[in-house]
Amino acid sequence: MSMDLMIKKIIDMNSPVVAGLDPKLDYVPEFLQKECFDEFGKNALGASQALLKFNMALIDELCEVVPAVKVQAAYYEMYGIEGMSALYKTVSYAKERGMYVILDGKRGDIGSTAEAYSSGWLGKTTIAGADYSMSEADCLTVNPYLGSDGIIPFVNDCKKYDKGIFALVKTSNPSSGEIQDLKVGKNTVYEMMAALVDKWGADNIGAYGYSAVGAVVGATYPEQAKKLRAQMKHTYFLVPGYGAQGAGADDVAVSFDKEGLGAIVNSSRAIMCAYKKSGNEKDFAKAAKDEAVNMTKAINAAIGR
(Lines of atoms letter the chains of each structure in order from A and count residues from 1; the text may use other names and numbers.)
(Lines give C-alpha, C1' and ligand atoms only; values in the text may rest on other atoms or scores of the structure.)
Protein backbone atom coordinates (compact mmCIF):
# COMPACT_ATOMS: atom_id res chain seq x y z
CA MET A 1 0.00 0.00 0.00
CA SER A 2 1.28 3.45 -0.95
CA MET A 3 1.32 4.92 2.55
CA ASP A 4 3.17 1.82 3.78
CA LEU A 5 5.87 2.55 1.21
CA MET A 6 6.21 6.09 2.52
CA ILE A 7 6.24 4.98 6.17
CA LYS A 8 8.88 2.32 5.48
CA LYS A 9 11.09 4.95 3.86
CA ILE A 10 10.60 7.23 6.88
CA ILE A 11 11.62 4.41 9.23
CA ASP A 12 14.56 3.24 7.12
CA MET A 13 15.99 6.76 6.78
CA ASN A 14 14.97 7.83 10.29
CA SER A 15 13.61 11.03 8.75
CA PRO A 16 9.98 12.26 8.88
CA VAL A 17 10.79 15.07 6.44
CA VAL A 18 9.42 15.81 2.98
CA ALA A 19 11.26 18.43 0.94
CA GLY A 20 8.95 20.73 -0.97
CA LEU A 21 10.02 21.40 -4.54
CA ASP A 22 7.90 24.52 -4.93
CA PRO A 23 10.40 26.68 -6.82
CA LYS A 24 9.84 30.26 -7.80
CA LEU A 25 12.38 31.37 -10.36
CA ASP A 26 13.81 33.73 -7.74
CA TYR A 27 14.81 30.68 -5.68
CA VAL A 28 17.03 29.35 -8.49
CA PRO A 29 20.65 30.52 -8.26
CA GLU A 30 21.44 33.26 -10.75
CA PHE A 31 24.23 31.27 -12.45
CA LEU A 32 21.78 28.47 -13.21
CA GLN A 33 19.17 30.88 -14.52
CA LYS A 34 21.77 32.45 -16.80
CA GLU A 35 22.89 29.08 -18.17
CA CYS A 36 19.34 28.13 -19.09
CA PHE A 37 18.36 31.53 -20.46
CA ASP A 38 21.51 31.58 -22.63
CA GLU A 39 20.75 28.11 -23.97
CA PHE A 40 16.95 28.17 -24.27
CA GLY A 41 16.03 31.86 -24.28
CA LYS A 42 14.51 34.24 -21.77
CA ASN A 43 11.11 32.64 -22.06
CA ALA A 44 8.94 29.92 -20.53
CA LEU A 45 11.24 27.18 -21.85
CA GLY A 46 14.34 28.79 -20.34
CA ALA A 47 12.60 29.33 -17.01
CA SER A 48 11.25 25.78 -16.93
CA GLN A 49 14.63 24.28 -17.73
CA ALA A 50 16.13 26.28 -14.88
CA LEU A 51 13.51 24.88 -12.50
CA LEU A 52 14.17 21.36 -13.73
CA LYS A 53 17.97 21.58 -13.37
CA PHE A 54 17.54 23.12 -9.93
CA ASN A 55 15.19 20.31 -8.89
CA MET A 56 17.40 17.53 -10.23
CA ALA A 57 20.44 18.82 -8.38
CA LEU A 58 18.41 19.10 -5.18
CA ILE A 59 17.01 15.59 -5.60
CA ASP A 60 20.50 14.15 -6.09
CA GLU A 61 21.48 15.41 -2.63
CA LEU A 62 18.16 15.11 -0.81
CA CYS A 63 17.50 11.49 -1.82
CA GLU A 64 20.29 10.48 0.57
CA VAL A 65 18.71 12.07 3.65
CA VAL A 66 14.92 12.41 3.26
CA PRO A 67 12.34 9.90 2.03
CA ALA A 68 10.06 12.14 0.00
CA VAL A 69 9.53 15.25 -2.07
CA LYS A 70 6.37 17.30 -2.45
CA VAL A 71 5.97 18.94 -5.85
CA GLN A 72 3.56 21.89 -5.90
CA ALA A 73 1.88 21.96 -9.31
CA ALA A 74 1.15 25.69 -9.32
CA TYR A 75 4.80 26.68 -9.61
CA TYR A 76 5.03 24.72 -12.85
CA GLU A 77 1.59 25.45 -14.30
CA MET A 78 2.43 29.16 -14.34
CA TYR A 79 4.91 28.45 -17.17
CA GLY A 80 2.37 26.66 -19.33
CA ILE A 81 3.20 23.51 -21.26
CA GLU A 82 6.95 23.94 -20.69
CA GLY A 83 6.40 24.19 -16.95
CA MET A 84 4.19 21.11 -16.93
CA SER A 85 6.90 19.22 -18.78
CA ALA A 86 9.35 20.23 -16.04
CA LEU A 87 6.87 19.04 -13.41
CA TYR A 88 6.48 15.58 -14.96
CA LYS A 89 10.23 15.25 -15.46
CA THR A 90 10.82 16.29 -11.83
CA VAL A 91 8.39 13.63 -10.59
CA SER A 92 9.98 11.00 -12.82
CA TYR A 93 13.51 11.89 -11.70
CA ALA A 94 12.57 11.78 -8.02
CA LYS A 95 11.06 8.32 -8.53
CA GLU A 96 14.19 7.22 -10.39
CA ARG A 97 16.25 8.30 -7.38
CA GLY A 98 14.07 6.21 -5.06
CA MET A 99 12.00 8.97 -3.47
CA TYR A 100 8.31 8.93 -2.53
CA VAL A 101 6.51 11.68 -4.46
CA ILE A 102 3.56 13.73 -3.25
CA LEU A 103 1.95 15.83 -5.98
CA ASP A 104 0.55 18.93 -4.31
CA GLY A 105 -2.31 19.88 -6.58
CA LYS A 106 -5.18 20.25 -4.08
CA ARG A 107 -7.52 18.84 -6.68
CA GLY A 108 -11.21 18.52 -5.98
CA ASP A 109 -14.42 18.62 -7.98
CA ILE A 110 -17.58 16.61 -8.38
CA GLY A 111 -18.72 13.64 -10.46
CA SER A 112 -16.96 12.97 -13.72
CA THR A 113 -14.62 15.95 -13.25
CA ALA A 114 -13.26 14.46 -10.03
CA GLU A 115 -12.86 11.16 -11.86
CA ALA A 116 -10.87 12.92 -14.58
CA TYR A 117 -8.56 14.61 -12.08
CA SER A 118 -8.02 11.30 -10.32
CA SER A 119 -7.37 9.45 -13.58
CA GLY A 120 -4.76 12.01 -14.57
CA TRP A 121 -2.82 12.03 -11.30
CA LEU A 122 -3.50 8.71 -9.58
CA GLY A 123 -5.18 6.27 -11.92
CA LYS A 124 -5.14 5.58 -15.62
CA THR A 125 -6.57 7.25 -18.71
CA THR A 126 -8.26 5.11 -21.36
CA ILE A 127 -7.32 5.92 -24.95
CA ALA A 128 -8.67 3.80 -27.82
CA GLY A 129 -9.31 0.87 -25.52
CA ALA A 130 -5.92 0.91 -23.79
CA ASP A 131 -5.12 2.28 -20.31
CA TYR A 132 -2.19 4.64 -19.72
CA SER A 133 -0.67 6.04 -16.53
CA MET A 134 -0.12 9.77 -16.97
CA SER A 135 1.68 10.47 -13.69
CA GLU A 136 4.27 8.64 -11.62
CA ALA A 137 3.28 10.41 -8.40
CA ASP A 138 2.59 8.19 -5.40
CA CYS A 139 0.18 10.53 -3.71
CA LEU A 140 -1.97 13.61 -4.35
CA THR A 141 -3.28 16.40 -2.12
CA VAL A 142 -7.03 16.92 -2.49
CA ASN A 143 -9.58 19.49 -1.38
CA PRO A 144 -12.49 17.67 0.30
CA TYR A 145 -14.60 20.71 1.09
CA LEU A 146 -16.98 19.92 -1.78
CA GLY A 147 -18.06 16.80 0.10
CA SER A 148 -17.95 13.06 -0.48
CA ASP A 149 -18.80 13.01 -4.17
CA GLY A 150 -15.72 15.14 -4.82
CA ILE A 151 -13.44 12.71 -2.98
CA ILE A 152 -14.76 9.19 -3.56
CA PRO A 153 -13.24 8.96 -7.09
CA PHE A 154 -9.81 9.61 -5.56
CA VAL A 155 -10.44 7.12 -2.75
CA ASN A 156 -11.47 4.47 -5.28
CA ASP A 157 -8.32 4.99 -7.34
CA CYS A 158 -6.19 4.75 -4.19
CA LYS A 159 -7.55 1.23 -3.75
CA LYS A 160 -7.40 0.28 -7.41
CA TYR A 161 -3.94 1.62 -8.21
CA ASP A 162 -2.23 1.49 -4.80
CA LYS A 163 -1.95 5.27 -4.36
CA GLY A 164 -2.49 7.71 -1.51
CA ILE A 165 -4.14 11.07 -0.93
CA PHE A 166 -3.80 13.81 1.68
CA ALA A 167 -7.07 15.69 2.23
CA LEU A 168 -7.09 19.27 3.52
CA VAL A 169 -8.39 19.28 7.09
CA LYS A 170 -6.76 22.11 9.07
CA THR A 171 -4.52 24.11 6.77
CA SER A 172 -1.51 26.24 7.77
CA ASN A 173 -2.52 29.55 6.16
CA PRO A 174 -3.44 32.53 8.40
CA SER A 175 -7.07 32.78 7.27
CA SER A 176 -7.89 29.06 7.49
CA GLY A 177 -9.94 29.66 10.61
CA GLU A 178 -12.45 31.82 8.74
CA ILE A 179 -14.14 28.61 7.64
CA GLN A 180 -12.37 25.66 9.23
CA ASP A 181 -12.73 26.90 12.83
CA LEU A 182 -16.44 27.70 12.58
CA LYS A 183 -18.64 25.79 14.99
CA VAL A 184 -21.47 23.55 13.79
CA GLY A 185 -23.14 22.45 16.98
CA LYS A 186 -20.38 21.34 19.37
CA ASN A 187 -17.78 20.66 16.68
CA THR A 188 -15.67 22.81 14.43
CA VAL A 189 -15.78 22.41 10.67
CA TYR A 190 -12.26 20.96 10.66
CA GLU A 191 -13.25 18.35 13.27
CA MET A 192 -16.22 17.34 11.13
CA MET A 193 -13.97 17.10 8.11
CA ALA A 194 -11.58 14.94 10.11
CA ALA A 195 -14.42 12.50 10.83
CA LEU A 196 -15.17 12.25 7.11
CA VAL A 197 -11.51 11.66 6.25
CA ASP A 198 -11.37 8.88 8.85
CA LYS A 199 -14.45 7.29 7.30
CA TRP A 200 -13.13 7.49 3.73
CA GLY A 201 -9.97 5.63 4.70
CA ALA A 202 -11.47 3.12 7.12
CA ASP A 203 -11.46 0.16 4.71
CA ASN A 204 -7.98 0.79 3.30
CA ILE A 205 -5.66 0.38 6.30
CA GLY A 206 -2.06 -0.68 5.75
CA ALA A 207 0.48 -2.73 7.68
CA TYR A 208 1.46 0.17 9.96
CA GLY A 209 -2.14 0.89 10.98
CA TYR A 210 -2.57 3.95 8.76
CA SER A 211 -4.97 4.36 5.86
CA ALA A 212 -4.37 5.45 2.28
CA VAL A 213 -6.36 8.61 3.02
CA GLY A 214 -4.16 11.07 4.90
CA ALA A 215 -4.82 14.56 6.20
CA VAL A 216 -3.13 17.94 5.73
CA VAL A 217 -2.73 19.43 9.20
CA GLY A 218 -0.76 22.66 9.51
CA ALA A 219 2.14 23.01 11.91
CA THR A 220 1.11 26.61 12.56
CA TYR A 221 -1.86 25.43 14.66
CA PRO A 222 -0.36 22.97 17.17
CA GLU A 223 -3.34 22.94 19.56
CA GLN A 224 -5.69 21.94 16.76
CA ALA A 225 -3.16 19.40 15.48
CA LYS A 226 -3.00 17.83 18.94
CA LYS A 227 -6.79 17.41 18.96
CA LEU A 228 -6.76 15.92 15.49
CA ARG A 229 -3.98 13.45 16.33
CA ALA A 230 -6.16 12.13 19.17
CA GLN A 231 -9.22 12.01 16.90
CA MET A 232 -7.63 10.50 13.78
CA LYS A 233 -5.79 7.44 15.04
CA HIS A 234 -5.44 5.78 11.61
CA THR A 235 -4.72 8.88 9.52
CA TYR A 236 -1.24 9.97 8.49
CA PHE A 237 -0.63 13.71 8.58
CA LEU A 238 1.13 15.82 5.97
CA VAL A 239 2.30 18.79 8.02
CA PRO A 240 3.10 22.07 6.20
CA GLY A 241 4.18 25.29 7.86
CA TYR A 242 7.64 24.34 9.17
CA GLY A 243 10.41 26.85 8.68
CA ALA A 244 9.48 29.82 6.50
CA GLN A 245 5.88 29.89 7.79
CA GLY A 246 7.13 30.08 11.36
CA ALA A 247 6.57 26.65 12.92
CA GLY A 248 9.37 24.70 14.58
CA ALA A 249 10.07 21.20 15.85
CA ASP A 250 8.02 21.56 19.03
CA ASP A 251 5.02 22.72 17.01
CA VAL A 252 5.06 19.64 14.76
CA ALA A 253 5.76 17.15 17.55
CA VAL A 254 2.07 16.98 18.54
CA SER A 255 1.21 15.53 15.12
CA PHE A 256 3.19 12.33 15.78
CA ASP A 257 2.00 9.18 17.53
CA LYS A 258 3.70 7.56 20.52
CA GLU A 259 5.94 5.47 18.22
CA GLY A 260 7.25 8.56 16.45
CA LEU A 261 5.18 7.93 13.33
CA GLY A 262 1.93 9.42 12.07
CA ALA A 263 3.30 12.54 10.39
CA ILE A 264 5.61 13.71 7.64
CA VAL A 265 6.68 17.34 7.87
CA ASN A 266 7.14 19.55 4.82
CA SER A 267 9.64 22.34 4.37
CA SER A 268 9.99 24.09 1.03
CA ARG A 269 11.63 27.52 1.07
CA ALA A 270 13.88 26.81 4.06
CA ILE A 271 15.39 23.82 2.24
CA MET A 272 15.45 25.14 -1.33
CA CYS A 273 16.85 28.53 -0.36
CA ALA A 274 19.25 27.42 2.38
CA TYR A 275 22.19 28.47 0.20
CA LYS A 276 21.13 32.12 0.50
CA LYS A 277 22.23 32.15 4.14
CA SER A 278 25.84 31.56 3.08
CA GLY A 279 25.65 33.35 -0.25
CA ASN A 280 27.41 30.48 -2.02
CA GLU A 281 25.25 29.75 -5.06
CA LYS A 282 27.41 26.94 -6.38
CA ASP A 283 26.76 24.81 -3.27
CA PHE A 284 22.97 25.28 -3.29
CA ALA A 285 22.21 21.55 -3.35
CA LYS A 286 24.62 20.73 -0.51
CA ALA A 287 23.14 23.58 1.54
CA ALA A 288 19.66 22.12 0.99
CA LYS A 289 20.87 18.71 2.15
CA ASP A 290 22.43 20.19 5.28
CA GLU A 291 19.22 22.07 6.06
CA ALA A 292 17.16 18.88 5.66
CA VAL A 293 19.55 16.98 7.96
CA ASN A 294 19.30 19.69 10.62
CA MET A 295 15.51 19.71 10.30
CA THR A 296 15.42 15.93 10.74
CA LYS A 297 17.61 16.13 13.85
CA ALA A 298 15.44 18.84 15.39
CA ILE A 299 12.18 16.97 14.79
CA ASN A 300 13.58 13.64 15.93
CA ALA A 301 14.78 15.26 19.14
CA ALA A 302 11.37 16.84 19.71
CA ILE A 303 9.51 13.55 19.28
CA GLY A 304 12.10 11.39 21.05
CA ARG A 305 13.20 9.32 18.06
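Residues 204 to 508 (our numbering) make up the sequence shown, in order. Every residue gets a Cβ at the ideal spot worked out from N, C-alpha and C, and that includes glycine.
(message) I need the straight-line Cα distance from A505 to V400, nearest angstrom please.
(response) Numbered from its first residue, the sequence shown carries residue 505 at position 302. Numbered from its first residue, the sequence shown carries residue 400 at position 197. The straight-line gap from Cα to Cα measures roughly 27 Å.
(request) Can you give me the Cβ contacts of E426 inside the same chain, cut-off strictly under 7 Å, excluding the 5 residues immediately before and after it? (result) The residue you call residue 426 lines up with position 223 of the sequence shown. None.
(message) Closest to D225 by C-alpha separation, out of K489, P443, V455, would be which residue?
(response) The residue you call residue 225 lines up with position 22 of the sequence shown. Among K489, P443, V455, the Cα nearest to that of D225 is on P443.
(request) Can you grab the Cα-Cα spacing for the pair M435 / I368, in whole Å? (result) On the sequence shown, position 232 is the one that residue 435 refers to. On the sequence shown, position 165 is the one that residue 368 refers to. Cα-Cα distance, rounded: 15 Å.
(request) For A334, name the three-state secondary structure that DSSP assigns. (result) Residue mapping note: residue 334 aligns to position 131 of the sequence shown, counting from 1. The sequence shown places Asp at residue 334, not Ala. Strand, per DSSP.
(request) Alpha carbon to alpha carbon, how far is A488 from V268? Give it in angstroms, no decimals. (result) The residue given as residue 268 occupies position 65 in the sequence shown. The residue given as residue 488 occupies position 285 in the sequence shown. Between V268 and A488, the C-alpha separation is close to 12 Å.
(request) Go through its chain and collect everything with a Cβ distance to I408's Cβ below 7 Å, but skip five positions before and after it. (result) Position 205 of the sequence shown holds residue 408. Cβ within range, chain order: S414, H437.
(request) Could you tell me the distance, in whole angstroms, from the CA atom of T499 to the CA atom of W403? (result) Taking the first residue of the sequence shown as 1, we reach residue 499 at position 296. Taking the first residue of the sequence shown as 1, we reach residue 403 at position 200. Distance between the alpha carbons of T499 and W403 is about 31 Å.
(request) Compare the Cα-Cα distances from G421 to each of L261, A456, S218 and report the closest residue. (result) On the sequence shown, residue 421 is found 218 positions in, with the first residue counted as 1. When only C-alpha atoms are compared, the closest one is A456.
(request) Give the secondary structure of T499 by DSSP, where H, G and I count as helix, E and B as strand, and everything else as coil. (result) Taking the sequence shown and counting its residues from 1, one reaches residue 499 at position 296. In this structure, T499 counts as helix in the three-state DSSP scheme.
(message) So, at 8 Å on beta carbons, what are the nonlocal neighbours of S351 in its own chain, with the 5 sequence-adjacent residues on each side left out?
(response) As a working mapping, residue 351 is identified with position 148 in the sequence shown. Here the set comprises L399, W403.
(message) I'd like to check one pair, T316 with S322: are the Cβ atoms closer than 8 Å?
(response) Taking the sequence shown and counting its residues from 1, one reaches residue 322 at position 119. Taking the sequence shown and counting its residues from 1, one reaches residue 316 at position 113. No, the Cβ-Cβ distance between S322 and T316 is not below 8 Å.
(message) For I382, which residues in the same chain have their Cβ closer than 7 Å to its Cβ, ignoring the five residues on either side in sequence?
(response) Mapped onto the sequence shown, residue 382 falls at position 179. Once the five neighbours on either side are set aside, the close Cβ partners of I382 are V392.
(request) Go to Q434, then tell me how far its beta strand (DSSP E) extends in each direction, as first and last residue. (result) Here residue 434 refers to the residue found at position 231 of the sequence shown. Here Q434 belongs to no beta strand (DSSP E); instead the alpha helix (DSSP H) covers 425 to 434.
(request) With a threshold of 16 other CB atoms inside 10 Å of the CB of D263, please say whether the residue is buried or exposed. (result) Locating residue 263 in the sequence shown gives position 60, counting from the first residue. Exposed.
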